[in-house]
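Throughout the sequence shown, residue numbering follows this note's numbering, covering 310 to 455 in sequence. Cβ coordinates follow ideal geometry from the N, Cα and C atoms, glycine included.
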Amino acid sequence: MLFNSILNVKNIIVKEKMTKTDAEWQKILSDNEYSVLRKEGTERPFTNKLNDQKKEGNYYCKGCNAKLFSSKMKFDSGTGWPSFFDSYPNVFETTTDYKLVYPRTEYHCAKCDGHHGHLFNDGPAPTEKRYCNNGVALKFVEEKLF
Ligand SMILES: [Zn+2]
């Protein structure tokens with residue numbers, strides 16, 4: 310019974326959204342971070358140092374600190390944006406984006422709704438997926454992976 314209620318509480322925490330007003334986001338994010346995370350902007354390719362980051366560690370959401378990717382999921386796509394073939398489970402939600410001629414799959418943080426990038430199906434095995442992520446939306450923490 311006790312165990313059950315602990316599980317329930319945990320479930321609620323995971324699903325809880327972080328909500329802030331635009332003004333609150335502008336206070337805690339830089340202009341670039343705000344433009345990408347809250348306005349679905351795209352950083353220029355090859356401008357973010359995380360594109361070349363190869364150290365062992367995890368990538369967290371700049372908006373809410375949710376753990377999104379590990380260095381083991383990262384690969385060099387040559388696009389100029391940090392790219393990953395997988396994410397931690399249930400950390401993203403997706404929408405269909407019609408801004409370009411062809412529809413794309415937009416993905417954003419499930420916790421704070423911050424926009425991170427677009428998801429393509431031309432990534433490497435085993436997933437064949439490519440999370441094309443804006444570097445400014447990520448915070449890298451060098452740490453041991455288990
Ligand atoms: Zn987030």
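{"query": "Please tell me whether Asn367 and Phe355 are closer than 8 Å, where the distance is taken between their beta carbons.", "result": "no"}
{"query": "Who are Thr414's beta bridge partners in DSSP?", "result": "Thr405 and Leu428"}
{"query": "Measure the alpha-carbon distance for Gly353 versus Phe455 and round it to whole angstroms.", "result": "A small fix is needed here, since residue 353 is Arg in this sequence, not Gly. Straight-line Cα distance between these residues: approximately 33 Å."}
{"query": "What span of residues does the beta strand (DSSP E) with Glu451 cover, start to end?", "result": "Leu447 to Glu451"}
{"query": "Helix, strand or coil for Tyr369? Go by DSSP, reduced to three states.", "result": "strand"}
{"query": "Rank Tyr411, Glu452, Gly423 and Gly350 by C-alpha distance to the C-alpha of Thr403 and give the top, closest one.", "result": "Gly423"}
{"query": "Using alpha carbons as the reference points, say which of Glu325, Pro412 and Lys420 lies closest to Val400.", "result": "Lys420"}
{"query": "My assumption, with CB atoms under 8 Å, is that Pro433 sits in contact with Phe394. Please give the rounded CB distance.", "result": "5 Å"}
{"query": "Would you kindly work out how many angstroms separate the C-alpha atoms of Met310 and Lys383, rounded to a whole number?", "result": "Note on Met310: pLDDT 45, under 50, position unreliable in the model; the coordinate value appears next. Taking the straight line joining both Cα atoms gives about 41 Å."}
{"query": "Which residue from Tyr397, Pro398, Ser396 and Glu415 puts its Cα closest to that of Thr405?", "result": "Glu415"}
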